[in-house]
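**Q** Taken in order, the sequence shown gives residues 1098 to 1225; the numbers are from the numbering used here.
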Amino acid sequence: MARTSDRTSARNRARQALAEKQKARRERDERMEAAATRYFAAADAIESARRDAGQAIQALIDEGEPRAEIAELLGITTRDIKAALDALTDDDQDDDDSDTEHDEPLGGEVSASDSEHDGHRSDEAHVA
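(1) Helix, strand or coil for glycine 1151, going by three-state DSSP, please let me know.
(2) Flag this pair as touching only if the region 1177-1192 and the region 1136-1156 have three or more C-beta atom pairs under 8 Å; answer yes or no.
(3) I'd like the span of the alpha helix (DSSP H) that includes isoleucine 1167, first residue to last.
(4) Could you check the C-alpha separation between proline 1163 and aspartate 1126 for me, to the nearest Å?
(5) How many Å lie between leucine 1171 and threonine 1134 at the Cα?
(6) If you draw a straight line from the alpha carbon of serine 1145 to that of alanine 1107, how long is it in whole angstroms?
(7) Given that a residue counts as buried once 16 or more other Cβ atoms are within 10 Å of its Cβ, and exposed if not, what is alanine 1150?
(8) Determine the DSSP secondary structure at glutamate 1160, reduced to helix, strand or coil.
(9) What does the alpha-carbon distance come out to for the pair asparagine 1109 and arginine 1123?
Okay, structure coming up:
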């Protein structure tokens, strides 16, 4: 039969091995969290920079500058100008969507009496 000191020693070694494994997991989780934090901070900075660039271009347009001259001034293409302005519009629409996002469900439930009118489905009745 194994001596008590042998069993205690084995238990202590098992605890030590488990503690080392848990420490390695915690350190890995911390590294993953730090990397994810850096990613989200960079993504937010990119979005902010795009918004700022679009607003700067819009300010030049508001001053009456033609897009071709703005493109030449900034060293970009007119396609880049359009993309920056489109991104501004998308941001505005995203802000508008987020205001009403939780107010009404999209594509809500429709009862049979609502979806049928004179034997036609409602989506067919509203087609132009």
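Even for Gly, the Cβ is constructed at its ideal location relative to N, Cα and C.
**A** Let me spell this out:
(1) Within the sequence shown, numbered from 1, the residue matching residue 1151 stands at position 54. Residue state, collapsed to three classes: helix.
(2) yes
(3) As a first step, residue 1167 must be located in the sequence shown, where it is residue number 70. 1164-1171 is the extent of the alpha helix (DSSP H) around isoleucine 1167.
(4) Reading the sequence shown from its first residue, position 66 is the one you call residue 1163. Reading the sequence shown from its first residue, position 29 is the one you call residue 1126. Each residue's alpha carbon lies about 52 Å from the other.
(5) Within the sequence shown, numbered from 1, the residue matching residue 1171 stands at position 74. Within the sequence shown, numbered from 1, the residue matching residue 1134 stands at position 37. Approximately 32 Å between the Cα atoms of the pair.
(6) Against the sequence shown, residue 1145 aligns to sequence position 48. Against the sequence shown, residue 1107 aligns to sequence position 10. Going by the C-alpha atoms only, they are around 57 Å apart.
(7) Here residue 1150 refers to the residue found at position 53 when the sequence shown is read from its first residue. Result: buried.
(8) Position 63 of the sequence shown holds residue 1160. The answer is coil: DSSP assigns glutamate 1160 none of H, G, I, E or B.
(9) Residue numbering aside, residue 1109 sits at position 12 when the sequence shown is read from its first letter. Residue numbering aside, residue 1123 sits at position 26 when the sequence shown is read from its first letter. Going from the Cα of asparagine 1109 to the Cα of arginine 1123 covers about 21 Å.
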